[in-house]
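> Sharing a structure, written as structure tokens. Questions coming.
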Amino acid sequence: MRAVPAAPPVPFTLYARGYCHLCDDMLAALRALETPALPFAISVIDVDADPALVARFDELVPVLYGALDQPELCHYFLDRAAVLAYLEGQAGNPVGRPEIR
């Protein structure tokens, strides 16, 4: 039996801040959707490290993006449906792939 090659990591950017339980919860919920066959590359950006990010996101954190040139996927809480739709739209990820139920 041949092993199925892993897909390239799917990019996500999470705008968060330290000591934020909602940020921790969103990261954990996102990680729960990850599989060995469909790995994620999650960049966690501390909004408090940049005044421009504080001005942009301040009370919205956590804010999750897939591709940064697309609208945000969700903020405050993980929107599972939005994340799954984003995953289905990624190149090389056929719609209905069982790993992302």
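Going by the numbering used here, the letters in the sequence shown line up with residues 1275 to 1375, in that order. A virtual CB, placed ideally from N, CA and C, is assigned to each residue, including glycine. Please read these numbers as outputs of a predicted model, since none were measured by experiment.
(1) Which runs of the beta strand (DSSP E), 3 residues or longer, sit entirely within the segment 1284-1341?
(2) Alpha carbon to alpha carbon, how far is residue 1297 from residue 1312? Give it in angstroms, no decimals.
(3) One question on the structure: do residue 1352 and residue 1360 come within less than 8 Å of each other, judged by their Cβ atoms?
(4) Roughly how many whole angstroms lie between the Cα atoms of residue 1290 and residue 1338?
(5) Considering residue 1358, what are the terminal residues of the alpha helix (DSSP H) in which it resides?
Well, looking at it:
(1) Listed in chain order, the beta strand (DSSP E) runs fully inside the segment 1284-1341 are 1284-1290, 1314-1320 and 1337-1339, counting runs of at least 3 residues.
(2) Whole-angstrom Cα-Cα distance: 22 Å.
(3) Contact check for residue 1352 against residue 1360 fails: the beta carbons are separated by 8 Å or more.
(4) C-alpha of residue 1290 to C-alpha of residue 1338: approximately 9 Å in a straight line.
(5) 1354-1363 is the span of the alpha helix (DSSP H), which, as asked, contains residue 1358.
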